[in-house]
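The next block holds one structure in the form of structure tokens; read it before the comments.
There are 2 protein chains.
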Amino acid sequence: MTGRATGAPTLWCEHAWLPDGPAAAVAIEISDGRISSVRPGAARAGTVLDGITVPGFVNAHSHAFHRALRGHPAGHATSFWSWRDDMYRVADRLDPDSYRRLATAVYAEMALAGYTSVTEFHYLHHGRGGHPYDDPNAMGHALVDAAAAAGIRLTLLDTCYLAGGIGEPLSPVQRRFADAHADAWAERLDPLLKIDDGDRVRLGAAVHSVRAVPEAELPIVAEWAAGGPLHVHLSEQTAENEACLAAYGRTPTAVLDYAGVLGPDTVAVHATHLTGDDVARLAASGTRVCLCPTTERDLGDGIGPASQLHEAGVGLCLGSDSQAVVDPFEEARGAEMHERLAHRVRQRFSPAQLLSMATGSTAGLAVGAPADLVTVALDSVRTAGIAPVGVLHAAGAADVTDVLVGGRWVVRERVHRHVERPAAALAAEITALREATCRP
Amino acid sequence: MTGRATGAPTLWCEHAWLPDGPAAAVAIEISDGRISSVRPGAARAGTVLDGITVPGFVNAHSHAFHRALRGHPAGHATSFWSWRDDMYRVADRLDPDSYRRLATAVYAEMALAGYTSVTEFHYLHHGRGGHPYDDPNAMGHALVDAAAAAGIRLTLLDTCYLAGGIGEPLSPVQRRFADAHADAWAERLDPLLKIDDGDRVRLGAAVHSVRAVPEAELPIVAEWAAGGPLHVHLSEQTAENEACLAAYGRTPTAVLDYAGVLGPDTVAVHATHLTGDDVARLAASGTRVCLCPTTERDLGDGIGPASQLHEAGVGLCLGSDSQAVVDPFEEARGAEMHERLAHRVRQRFSPAQLLSMATGSTAGLAVGAPADLVTVALDSVRTAGIAPVGVLHAAGAADVTDVLVGGRWVVRERVHRHVERPAAALAAEITALREATCRP
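Chains G and X are the protein sequences, given in the same order.
Residue numbers for the first sequence follow our numbering, beginning at 235 and rising by one.
Residue numbers for the second sequence follow our numbering, beginning at 235 and rising by one.
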């Protein structure tokens with residue numbers, strides 16, 4: 235390893251995905267956490283990374299605690315809504331300590347899969363019965379601590395959640411998610427601004443959905459969020475659309491548009507069941523859409539209009555959402571494969587477009603970008619014989635060998651450097667949580 | 235390891251999936267390649283298999299050489315038909331030696347993923363230009379040798395292929411697939427019967443499709459196959475249905491039915507685009523259907539009527555087909571997830587039903603069944619915290635640790651016991667093949 239003035243390594247990548255596509259024998263230098271030099275065709279020297287090195291994957295939509303629901307199919311969750319009941323039972327048992335431990339393990343799983351950044355759509359704010367913790371942002375701080383421990387960037391979206399449905403009261407579990415009104419939500423949130431360091435941790439806002447935030451309260455959230463990230467669950471299930479049309483006479487997208495929620499800093503999550511007018515509103519406002527393909531199939535949401543959105547100029551990103559799967563390759567493949575299933579054509583999205591969706595705005599490693607790098611083995615049984623440009627089509631999370639976040643190693647040779655035995659931690663936390671939920 | 239009279243091991247499984255579902259601490263004894271005893275709640279002794287042990291996965295539809303197309307998305311294969319052109323270019327370069335080497339590596343990849351049996355839909359019979367090899371079954375023997383080397387059971391389906399489309403001549407590459415007429419196919423096939431040992435290697439027949447076998451020749455194939463396995467590609471693409479209706483005035487299913495191709499030993503592969511009458515014909519005849527979910531999404535085939543078939547009483551099995559993915563867990567999830575995407579409900583198939591599809595008729599490990607066992611880690615980041623019954627929903631091929639076929643170890647602690655470095659072999663064979671295809 236060749237030392238630099240900053241102590242950061244010079245990397246030599248067998249292949250690296252640059253803005254023009256994959257290149258061979260690429261030397262990458264890092265300075266102050268950013269890429270300072272990229273040289274293809276370089277002599278093999280420094281820290282050697284065999285395989286292909288790509289920009290870090292960005293997980294644009296996560297509910298960390300949903301990980302506890304993976305692989306428990308024995309219940310009666312035959313619809314999105316009955317699945318949600320299961321999810322509420324898990325939510326009801328978490329406290330700041332157990333959530334910090336669980337989220338640390340979940341974020342470590344994400345890092346091992348190649349995610350270098352996670353956007354957490356956080357709505358589990360208060361104690362049981364809705365009573366605030368001594369620090370009313372204790373759960374948010376638990377997530378900040380978890381991301382730091384796992385070495386992953388965090389955008390914490392503190393979510394406004396006020397109602398149990400349009401015109402419906404909160405259920406007992408939902409009281410843990412809720413503030414009294416949007417102003418109270420904003421007041422609680424202000425002290426949390428100090429977590430935003432402009433680099434590793436960002437604070438943003440979310441509207442849970444038009445189900446959970448009444449139309450009249452939406453502008454308050456939009457105003458608080460102005461200039462920073464604002465996310466919202468949008469039209470994941472047709473029942474939301476039906477209730478919204480019945481109550482407001484407009485689709486959820488139109489309600490959000492009229493209330494000033496849409497815009498270039500806004501990300502609409504799912505956007506599965508849209509009208510042509512909805513697509514036009516998202517495009518005209520510069521709103522981006524976060525697809526969560528592995529969740530949308532797990533929950534039976536249906537196939538959204540991904541290529542229609544793309545053709546209208548709507549930017550797309552990807553999220554692991556319910557953690558049914560934590561695998562950015564599978565998420566990228568899902569975006570493409572669901573299009574193929576729905577429209578019976580291939581290659582709706584090019585490999586470069588899929589990489590762009592999966593890694594944020596950058597479509598390759600470039601000077602000036604944060605040194606968030608992921609190396610993927612090209613010598614596993616899954617990836618042997620592929621073209622480097624086919625890595626998103628063939629690899630899986632198990633093929634990620636090395637992960638660097640802001641120039642610091644988080645994963646080396648498939649081992650997390652900071653979280654000891656993440657799988658054992660997941661098992662311990664989930665088992666404890668699920669046993670608690672089974673008690674009378 | 236406790237020795238038995240036969241030398242086979244006594245296994246102790248942390249969890250094992252029995253006919254009633256997963257059980258803990260299961261001792262399994264093996265005699266003459268079959269399970270001779272299953273005792274849940276046994277003391278930990280013998281060869282310990284941590285995780286969950288399930289019946290071996292059955293890959294009911296494979297084209298081994300398609301593995302060379304995985305992860306090469308740079309071409310212009312924007313439809314099933316242009317993808318087929320790419321596939322033909324690869325097919326055109328194989329000979330018995332290179333095919334044996336490639337298929338050995340592909341079958342080793344399958345074994346590592348937990349497949350203990352593969353049904354190869356084999357149509358690459360002859361040399362370039364359609365000239366028979368000295369042994370006209372040399373390519374079939376290459377596949378038999380490959381399966382033996384990889385330690386996996388093989389059902390070799392020798393495929394009848396006569397035309398380039400309904401009423402269309404063969405293209406130059408297709409001449410390698412073709413016999414002059416069905417009687418010539420049967421005549422070539424007879425000497426191959428000697429490979430069938432009633433255990434590790436079975437011989438069966440296939441009709442490539444109604445595209446490739448004229449209606450008048452179908453009864454000859456059906457007659458040859460009588461009493462043994464007979465597979466046929468069915469209605470994978472709507473273009474096949476359209477051409478068939480135009481030529482014969484009947485759907486492909488009806489054409490096969492009238493010709494005597496359907497029946498309890500017949501498996502229709504894909505069956506994606508069916509009428510209600512087609513479903514009824516498949517059910518009435520006892521025909522089973524092989525879904526290939528990861529291929530059907532990769533090739534943009536669309537979502538077939540899986541639950542409609544199941545409700546009509548049609549048995550379902552699963553195949554990796556094009557090898558875009560070699561992962562029986564992903565295949566089982568695909569069967570369920572495509573249903574969820576199409577119908578917006580969850581749990582169309584129970585975990586036991588998915589296991590049954592993925593492993594053949596057995597829905598769990600039982601006395602008398604072949605000792606084909608697969609152990610899946612429950613302590614990876616993917617499987618930590620799940621219920622054993624959720625293994626198909628959460629695990630992947632990378633979680634398979636041990637594989638036993640007919641009581642013999644094929645994979646131990648993630649290493650193939652008989653094929654050295656399968657990934658390197660895949661890379662070498664595929665690289666050579668693809669370089670050859672680029673030559674003028």
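Cβ coordinates follow ideal geometry from the N, Cα and C atoms, glycine included.
Computed from a predicted structure; not experimentally measured.
> On the three-state DSSP scale, how would you describe I262 (chain G)?
Replying inline: Within the first sequence, residue 262 (chain G) is the residue found at index 28, counting from 1. Correct three-state label for I262 (chain G): strand.
>> Considering only DSSP beta bridges, list what W246 (chain G) is partnered with.
In response: Against the first sequence, residue 246 (chain G) aligns to sequence position 12. Paired residues: G:A261 and G:V282.
>> Please state whether the Cβ-Cβ distance between A298 (chain G) and L336 (chain G) is less than 8 Å.
In response: The residue you call residue 298 (chain G) lines up with position 64 of the first sequence. The residue you call residue 336 (chain G) lines up with position 102 of the first sequence. Contact: yes.
>> Looking at the ligand SAM, does it come within less than 7 Å of D417 (chain X), judged from the CB to the closest heavy atom?
In response: Among the components modelled here there is no ligand, and therefore nothing to report on the ligand SAM.
> Over what stretch of residues does the beta strand (DSSP E) that includes S523 (chain X) continue unbroken?
Replying inline: As a first step, residue 523 (chain X) is located in the second sequence; it is residue number 289 there, counting from the start. The question names Ser, yet the displayed sequence has Val at residue 523 (chain X). V523 (chain X) -> beta strand (DSSP E) spans R522 to L525.
>> Quick check: what's the CA-CA separation for D499 (chain G) versus L552 (chain G)?
In response: What you label residue 499 (chain G) is simply residue 265 of the first sequence in a count that begins at 1. What you label residue 552 (chain G) is simply residue 318 of the first sequence in a count that begins at 1. If I take the Cα positions, the gap works out to 16 Å.
>> Cβ closer than 8 Å: which chain X residues qualify as neighbours of Q581 (chain G)?
In response: Counting from 1 along the first sequence, the entry for residue 581 (chain G) is found at position 347. Chain X residues near Q581 (chain G): P307, A311 and T312.
> What residues in the stretch 315 to 329 of chain X have a beta carbon less than 9 Å from any beta carbon of chain G?
Replying inline: Taking 9 Å as the Cβ-Cβ cut-off against chain G, the residues of the stretch 315 to 329 of chain X that qualify are S316 and W317.
>> Ignoring anything shorter than 3 residues, give me the beta strand (DSSP E) runs that lie fully in the stretch 327 to 396 of chain X, in order along the chain.
In response: Within the stretch 327 to 396 of chain X, the complete beta strand (DSSP E) runs of at least 3 residues are 349 to 356 and 387 to 394.
>> Using the three-state DSSP reduction, which class does A239 (chain X) fall into: helix, strand or coil?
In response: Reading the second sequence from its first residue, position 5 is the one you call residue 239 (chain X). Model confidence at A239 (chain X) stands at a pLDDT of 43, short of 50, so the residue's coordinates are unreliable; what they give is reported in the following sentence. Coil at A239 (chain X), not helix or strand.
>> Does the CB of S443 (chain X) have a neighbour CB from chain G at under 8 Å?
In response: Here the question's residue 443 (chain X) lines up with position 209 in the second sequence. The beta-carbon of S443 (chain X) is placed no less than 8 Å from the nearest beta-carbon of chain G.
> With C-beta atoms as the reference, is H295 (chain X) less than 8 Å away from V503 (chain X)?
Replying inline: Taking the second sequence and counting its residues from 1, one reaches residue 295 (chain X) at position 61. Taking the second sequence and counting its residues from 1, one reaches residue 503 (chain X) at position 269. Closer than 8 Å, so yes.
> What is the rounded straight-line gap between the Cα of T447 (chain G) and the Cα of L667 (chain G)?
Replying inline: Start at 1 with the first residue of the first sequence, and residue 447 (chain G) comes out as number 213. Start at 1 with the first residue of the first sequence, and residue 667 (chain G) comes out as number 433. The sequence given here places Val at residue 447 (chain G); Thr does not occur at that position. Spanning the two alpha carbons is a distance of roughly 29 Å.
>> Distance check for H467 (chain G) and F411 (chain G), CA to CA, integer angstroms please.
In response: Here residue 411 (chain G) refers to the residue found at position 177 of the first sequence. Here residue 467 (chain G) refers to the residue found at position 233 of the first sequence. Straight-line Cα distance between these residues: approximately 15 Å.
>> Please tell me whether D284 (chain X) has its Cβ less than 8 Å away from any Cβ of chain G.
In response: Position 50 of the second sequence, counted from the first residue, corresponds to residue 284 (chain X). Using a CB distance cut-off of 8 Å, D284 (chain X) does not count as an interface residue toward chain G.
>> Rounded to whole angstroms, what is the Cα-Cα separation between V637 (chain G) and A605 (chain G)?
In response: As a first step, residue 637 (chain G) is located in the first sequence; it is residue number 403 there, counting from the start. As a first step, residue 605 (chain G) is located in the first sequence; it is residue number 371 there, counting from the start. C-alpha separation (whole angstroms): 10 Å.
>> Just to make sure I have the definition right: I need the residues of chain G whose C-beta is within less than 9 Å of the C-beta of P681 (chain X). Which are they?
In response: Limits of chain X in this structure are 235 at one end and 674 at the other, which puts residue 681 (chain X) out of reach.
> Expressed to the nearest angstrom, what Euclidean distance is found between the alpha-carbon atoms of E573 (chain G) and V579 (chain G)?
Replying inline: Reading the first sequence from its first residue, position 339 is the one you call residue 573 (chain G). Reading the first sequence from its first residue, position 345 is the one you call residue 579 (chain G). Cα to Cα, E573 (chain G) sits roughly 8 Å from V579 (chain G).
> Do V653 (chain G) and A339 (chain G) have their CB atoms nearer than 8 Å?
Replying inline: Within the first sequence, the letter at position 419 stands for residue 653 (chain G). Within the first sequence, the letter at position 105 stands for residue 339 (chain G). V653 (chain G) is a Cβ neighbour of A339 (chain G), given a cutoff of 8 Å.
> At what residues does the alpha helix (DSSP H) containing G510 (chain X) begin and finish?
Replying inline: Taking the first residue of the second sequence as position 1, residue 510 (chain X) is located at position 276. Per DSSP, G510 (chain X) belongs to the alpha helix (DSSP H) from G510 to S519.
> Who pairs with W643 (chain X) in a beta bridge, going by DSSP?
Replying inline: The count along the second sequence starts at 1 and reaches residue 643 (chain X) at position 409. Under DSSP, W643 (chain X) takes part in a beta bridge, and its partners are X:L638.
>> Measuring CB atoms only, is the stretch 411 to 430 of chain X touching the stretch 483 to 494 of chain X, in the sense that at least three cross pairs come out at less than 8 Å?
In response: No, because fewer than three Cβ pairs between the stretch 411 to 430 of chain X and the stretch 483 to 494 of chain X fall closer than 8 Å, the two stretches do not touch.
> Given A566 (chain G), which residues of its chain have a CB within under 8 Å of its CB, disregarding the five upstream and five downstream residues?
Replying inline: Against the first sequence, residue 566 (chain G) aligns to sequence position 332. Taken in chain order, the residues that qualify are L552, L588, L589, M591, A592 and L626.
> Distance, Cα to Cα, D613 (chain G) vs A477 (chain X)?
Replying inline: Counting from one through the first sequence, the residue named residue 613 (chain G) turns up at place 379. Counting from one through the second sequence, the residue named residue 477 (chain X) turns up at place 243. Pairing D613 (chain G) with A477 (chain X), the inter-Cα distance amounts to about 42 Å.
> What's the C-alpha gap between L660 (chain G) and R304 (chain G)?
Replying inline: Position 426 of the first sequence, counting from 1, holds the residue named residue 660 (chain G). Position 70 of the first sequence, counting from 1, holds the residue named residue 304 (chain G). Cα to Cα, L660 (chain G) sits roughly 11 Å from R304 (chain G).
> Under the rule that 16 or more other beta-carbon atoms within 10 Å means buried, what is V282 (chain X), buried or exposed?
Replying inline: For the purposes of this step, residue 282 (chain X) is taken as the residue at position 48 of the second sequence. With fewer than 16 Cβ atoms within 10 Å of its Cβ, V282 (chain X) is classed as exposed.
>> Can you confirm whether L660 (chain X), when its beta carbon is compared against all beta carbons of chain G, has any partner nearer than 8 Å?
In response: Numbered from 1 along the second sequence, position 426 holds the residue referred to as residue 660 (chain X). Yes, L660 (chain X) counts as interfacial toward chain G.
> Between which two residues does the alpha helix (DSSP H) carrying R574 (chain X) extend?
Replying inline: Residue numbering aside, residue 574 (chain X) sits at position 340 when the second sequence is read from its first letter. Start and end: P562 to H577.
> By Cβ distance below 6 Å, which residues in the same chain neighbour A546 (chain X) in space, the five residues on each side in sequence not counted?
Replying inline: Here residue 546 (chain X) is taken as the residue at index 312 of the second sequence, counted from 1. Contacts found: V513 and A517.
>> Could you tell me the alpha carbon to alpha carbon distance between E451 (chain X) and G598 (chain X), rounded to whole angstroms?
In response: Counted from its first residue, the second sequence places residue 451 (chain X) at position 217. Counted from its first residue, the second sequence places residue 598 (chain X) at position 364. Distance between E451 (chain X) and G598 (chain X), taken at the CA atoms: about 40 Å.
> Where do the ends of the alpha helix (DSSP H) carrying A558 (chain G) lie?
Replying inline: Sequence index remark: in the first sequence, residue 558 (chain G) carries index 324 (1-based). Segment: none, A558 (chain G) is in no alpha helix (DSSP H) and carries neither H nor E.
>> Counting only Cβ-Cβ distances shorter than 7 Å, please list the residues of the stretch 604 to 616 of chain G near chain X, keeping chain order.
In response: Here the close residues are D613, S614 and V615.
> How close, in whole Å, do the beta carbons of V523 (chain G) and V548 (chain G) come, if the pair is a contact with beta carbons under 8 Å?
Replying inline: Counting from one through the first sequence, the residue named residue 523 (chain G) turns up at place 289. Counting from one through the first sequence, the residue named residue 548 (chain G) turns up at place 314. Yes, V523 (chain G) and V548 (chain G) are in contact; Cβ-Cβ is about 5 Å, under 8 Å.
>> Would P307 (chain G) and V623 (chain X) be called neighbours here (beta carbons separated by less than 8 Å)?
In response: In the first sequence, the residue the question calls residue 307 (chain G) occupies position 73. In the second sequence, the residue the question calls residue 623 (chain X) occupies position 389. Contact: yes.
> Could you check where the beta strand (DSSP E) with S270 (chain G) kicks off and where it finishes?
Replying inline: As a working mapping, residue 270 (chain G) is identified with position 36 in the first sequence. Its beta strand (DSSP E) spans residues R268 to R273.
> chain G partners of P585 (chain X), CB-CB under 7 Å?
Replying inline: Translated into positions along the second sequence, residue 585 (chain X) becomes position 351. Those are P307, listed as they occur along chain G.
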